[in-house]
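S.K.: Residue numbering for the sequence shown follows my numbering, beginning at 376 and increasing consecutively. Even for Gly, the Cβ is constructed at its ideal location relative to N, Cα and C. These numbers were taken from a predicted model, which means no experiment stands behind them. Just passing along the structure, written as C-alpha cells.
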Amino acid sequence: MLRTLKELFAPLFDPTAVALPDGHTLELATAVLLVEVMRADGAVAGVGEAERQAALVALERKFALNVDERDTLLAHAQGAAQDATDLHQFTSVLNTRLDDAAKVRMVESMWQVAFADGVLADHERHIIWRVADLLHVRPGDFAAARTRARVAAGLPE
Numbered sequence: 376m377l378r379t380l381k382e383l384f385a386p387l388f389d390p391t392a393v394a395l396p397d398g399h400t401l402e403l404a405t406a407v408l409l410v411e412v413m414r415a416d417g418a419v420a421g422v423g424e425a426e427r428q429a430a431l432v433a434l435e436r437k438f439a440l441n442v443d444e445r446d447t448l449l450a451h452a453q454g455a456a457q458d459a460t461d462l463h464q465f466t467s468v469l470n471t472r473l474d475d476a477a478k479v480r481m482v483e484s485m486w487q488v489a490f491a492d493g494v495l496a497d498h499e500r501h502i503i504w505r506v507a508d509l510l511h512v513r514p515g516d517f518a519a520a521r522t523r524a525r526v527a528a529g530l531p532e
C-alpha cells in the first residue's frame, strides 16, 4: 500500500512522471495546506507534535486512509509545502473539487491545527486568512470556523 501511495505522489517530485489522479490531488492539496499552518508558527525545534497530531486527525476525518497512508501523505505534503512557491496551486484544486461547506470545514481544520499547541502565532493567522480568501470563504464563515476550533481546543476567547 505504501508503495502505491509513493507511486501516486511521485509526480510532485519528478516533473517527468505522470499526473496524480484527481482523488489523490485533493488529498495532497489538503495535507499541504495543513502543513503550511504547522510550519507557520516558526517553532525553533520544528513542527510541534500537537500540531502534527491535529493535522493527522484532520486527514483521518477527511479521507479514508489507514495510519501508514496518512503518515505517508503528511510526509509528502511536508516536502511539497517546502518546495511550493505559492498557495494558489493547492487552493485551486480545492476550489474546483469542494463546495462552500467543505471549504469552510477545511478552514476550520486549519484553525484546529493552529490552536493545537495552545498558541496562535500571527503567521498562522495570516496563512489561514490567506487560504480562506483564496477559497472564497465568506468572512462570517471564516470567523465561525475560528470560534468553533477555538472552543474545541478549550481556549478562552
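Please state if the CB of H451 and the CB of L403 are separated by a distance shorter than 8 Å.
M.R.: As a working note, residue 403 is residue 28 in the sequence shown. As a working note, residue 451 is residue 76 in the sequence shown. Taking 8 Å as the Cβ cut-off, L403 and H451 qualify as a contacting pair.
S.K.: Look up V494 in the DSSP assignment and say whether it is helix, strand or coil.
M.R.: Residue mapping note: residue 494 aligns to position 119 of the sequence shown, counting from 1. In the structure shown, V494 sits in coil (DSSP, three-state: anything other than H, G, I, E or B).
S.K.: Can you confirm whether the stretch 475 to 487 touches the stretch 499 to 517 when touching is taken to mean that 3 or more C-beta pairs between the two stretches lie within less than 8 Å?
M.R.: As far as the Cβ criterion goes, the stretch 499 to 517 touches the stretch 475 to 487, which means the pair count is three or higher.
S.K.: At what residues does the alpha helix (DSSP H) containing R445 begin and finish?
M.R.: Here residue 445 is taken as the residue at index 70 of the sequence shown, counted from 1. Looking at the DSSP string, the run of the alpha helix (DSSP H) that includes R445 is 442 to 458.
S.K.: Which residue comes first and which comes last in the alpha helix (DSSP H) that contains L462?
M.R.: Counting from 1 along the sequence shown, the entry for residue 462 is found at position 87. Per DSSP, L462 belongs to no alpha helix (DSSP H) and is neither H nor E.
S.K.: Measure from the alpha carbon of R436 to the alpha carbon of each residue in M485, A455, A456, T471, then state which is nearest.
M.R.: Translated into positions along the sequence shown, residue 436 becomes position 61. Taking only the C-alpha atoms, the option nearest R436 is M485.
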